[in-house]
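Okay, structure first, notes after.
Residue numbers (mature numbering (1 follows the signal peptide of the UniProt record, and there is no 0)): -22 to -1, 1 to 252.
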């Protein structure tokens, strides 16, 4: 598999909730809670087949943004990209919660050229005019919006970084993701374009599949308010992922129809031991 450029990355993110066995991008902090006078955290970033395994290729760092508890952007220190993963350090200079995120947008689809031949393309909104000729016919587009993130805290966690943008799928936790312990109950709220994402399915997958031998996926759906309350599983690092809309089954003998818009969300969270 070739290195993913930004449009391809958007497509990779779009497949997160469709196929639990597919290559998926992730951000993995060395710790989600740091208690130290000089607080630092190291983030690994990669695309892999086994969740949190370093087995495929690095995730490029040029689109990753770290936001501090005061809303200011935080520098990515000691950033490097190797053969199988990227990594960077984050100085947690102020107490509170930090968000590390990668937001991607892309457009892909197909059209018929003047000769009547079917062509496919993938790119960005900016490249759309170049990708699709003005005289193209039977144009079919799918716009993708993807969000990948993780959270770390030092001192007392706060919730400033969870202020929703109102675009795409977002997790607005009632239970802070850096304050979750095995066996306790947690409540999460999902929003779609700033409104409650009712009956929204999501998946929770623990790392360590290679050694565990089974995926161990937990599937849940939100209520009419976009909320879900559930008992937290065993301690460890997990990926929560969700996508909208739900893929429609294809008619016999035809490929599945691509939606006009696809939105995905994924985040790495940690469940602490009791």
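Even for Gly, the Cβ is constructed at its ideal location relative to N, Cα and C.
Original post:
Which one of 208, 115, 82 and 80 has the shortest CA to CA distance from residue 94?
Top reply: Here the question's residue 94 lines up with position 116 in the chain shown. For the residues 208, 115, 82 and 80, the minimum Cα distance to residue 94 belongs to 115.
Subject >> Helix, strand or coil at residue 140 [DSSP, three-state] >> reply: Here the question's residue 140 lines up with position 162 in the chain shown. Looking at residue 140 - three-state DSSP - the assignment turns out to be helix.
Subject >> C-alpha distance - residue 208 paired with residue 201, whole-angstrom precision >> reply: As a position in the chain shown, residue 208 is number 230, starting the count at 1. As a position in the chain shown, residue 201 is number 223, starting the count at 1. Rounded to whole angstroms, the gap between the alpha carbons of residue 208 and residue 201 is 12 Å.
Subject >> Neighbour-count burial assignment, residue 248, 16 or more Cβ in a 10 Å radius >> reply: Locating residue 248 in the chain shown gives position 270, where the first residue counts as 1. Looking at its Cβ environment, which holds 16 or more other Cβ atoms inside 10 Å, residue 248 is buried.
**OP:** Check residue 107 in the structure and name its three-state DSSP category.
**Re:** Stepping through the chain shown from its first residue, residue 107 is reached at position 129. The DSSP-derived three-state label of residue 107 is helix.
Subject >> Endpoints, beta strand (DSSP E) assigned at residue 121 >> reply: As a first step, residue 121 must be located in the chain shown, where it is residue number 143. First-last of the beta strand (DSSP E) with residue 121: 115 to 132.
**OP:** Keeping to the same chain, check which residues put their C-beta closer than 8 Å to that of residue 118; ignore five residues upstream and five downstream.
**Re:** The count along the chain shown starts at 1 and reaches residue 118 at position 140. Around residue 118, the same chain offers 87, 88, 89 and 236 as residues with beta carbons nearer than 8 Å, after the five sequence neighbours per side are excluded.
Subject >> residue 63 (DSSP reduced to helix, strand or coil) >> reply: In the chain shown, the residue the question calls residue 63 occupies position 85. In the three-state scheme derived from DSSP, where H, G and I count as helix and E and B as strand, residue 63 is classed as coil.
Original post:
Taking residue 243 as the reference, which of 51, 50, 54 and 83 has the closest Cα?
Top reply: One-based indexing of the chain shown puts residue 243 at position 265. Comparing Cα positions, the closest option is 83.
Original post:
Since residue 22 contacts residue 65 with CB under 8 Å, what's their CB separation in whole angstroms?
Top reply: Numbered from its first residue, the chain shown carries residue 22 at position 44. Numbered from its first residue, the chain shown carries residue 65 at position 87. Yes, residue 22 and residue 65 are in contact; Cβ-Cβ is about 5 Å, under 8 Å.
**OP:** Kindly indicate the opening and closing residues of the beta strand (DSSP E) around residue 190.
**Re:** To locate residue 190, count along the chain shown from 1; it is residue 212. From DSSP, residue 190 is part of no beta strand (DSSP E) but of the alpha helix (DSSP H) over 187 to 190.
Subject >> For residue 90, the three-state DSSP class (helix, strand or coil) >> reply: Your numbering for residue 90 matches position 112 in the chain shown. In the structure shown, residue 90 sits in a strand (DSSP, three-state: E or B).
**OP:** Report, in whole angstroms, the separation of the C-beta atoms of residue 297 and residue 10, which I expect to be a contact under 8 Å.
**Re:** No information on residue 297 is available, as it lies outside the stretch -22 to 252 that the chain covers here.
Original post:
So, is residue 132 buried or exposed, given that buried needs 16 or more other C-beta atoms within 10 angstroms?
Top reply: On the chain shown, residue 132 is found 154 positions in, with the first residue counted as 1. Classification for residue 132: buried.
**OP:** Given a cut-off of 8 Å, decide if residue 77 and residue 120 are closer than it, judged by their beta-carbon atoms.
**Re:** The residue labelled residue 120 in the question sits at position 142 within the chain shown. The residue labelled residue 77 in the question sits at position 99 within the chain shown. Result no, Cβ atoms of residue 120 and residue 77 do not sit closer than 8 Å.
Original post:
Can you give the beta carbon distance from residue 36 to residue 74, rounded, assuming they're within the 8 Å contact cut?
Top reply: Along the chain shown, read from residue 1 onward, the residue named residue 36 stands at position 58. Along the chain shown, read from residue 1 onward, the residue named residue 74 stands at position 96. Residue 74 and residue 36 do not touch by the CB rule: their CB atoms are close to 29 Å apart, not below 8 Å.
Subject >> Residues near residue 161 by beta carbon distance below 8 Å, same chain, minus five either side >> reply: On the chain shown, position 183 is the one that residue 161 refers to. Excluding residues within five positions, the ones whose Cβ falls inside 8 Å are 209, 210 and 252.
Original post:
Are residue 182 and residue 218 touching if we call contact CB-CB under 8 Å?
Top reply: For the purposes of this step, residue 182 is taken as the residue at position 204 of the chain shown. For the purposes of this step, residue 218 is taken as the residue at position 240 of the chain shown. In this structure, residue 218 lies closer than 8 Å to residue 182 by Cβ.
**OP:** Return the CA-CA distance between residue 167 and residue 177, expressed in angstroms with no decimal places.
**Re:** In the chain shown, counting from the first residue as 1, residue 167 sits at position 189. In the chain shown, counting from the first residue as 1, residue 177 sits at position 199. Per the coordinates, the alpha-carbon of residue 167 lies some 11 Å from the alpha-carbon of residue 177.
Original post:
To the nearest angstrom, how far is it from the Cα of residue 239 to the Cα of residue 104?
Top reply: In the chain shown, counting from the first residue as 1, residue 239 sits at position 261. In the chain shown, counting from the first residue as 1, residue 104 sits at position 126. Between the alpha carbons of residue 239 and residue 104 lies a distance of about 17 Å.
**OP:** Taking residue 164 as part of the beta strand (DSSP E), name the residues at either end of that continuous run.
**Re:** For the purposes of this step, residue 164 is identified with residue 186 of the chain shown, where counting begins at 1. First-last of the beta strand (DSSP E) with residue 164: 163 to 170.
Original post:
In whole angstroms, what is the alpha-carbon distance linking residue 67 and residue 5?
Top reply: Here residue 67 refers to the residue found at position 89 when the chain shown is read from its first residue. Here residue 5 refers to the residue found at position 27 when the chain shown is read from its first residue. In a straight line, the C-alpha of residue 67 is about 12 Å away from that of residue 5.
Original post:
Going by other Cβ atoms of all chains shown within 10 Å of its Cβ, with 16 needed for buried, is residue 190 buried or exposed?
Top reply: Numbered from its first residue, the chain shown carries residue 190 at position 212. Counting Cβ neighbours within 10 Å, residue 190 comes out exposed, since fewer than 16 surround it.
**OP:** Using three-state DSSP, classify residue 173 as helix, strand or coil.
**Re:** By 1-based counting over the chain shown, the position of residue 173 is 195. DSSP places residue 173 in strand when its eight states are reduced to three.
Original post:
Is it buried or exposed for residue 143, if we count other Cβ within 10 angstroms and need 16 for buried?
Top reply: Position 165 of the chain shown holds residue 143. Counting of Cβ neighbours within 10 angstroms places residue 143 among the exposed residues, the total staying below 16.
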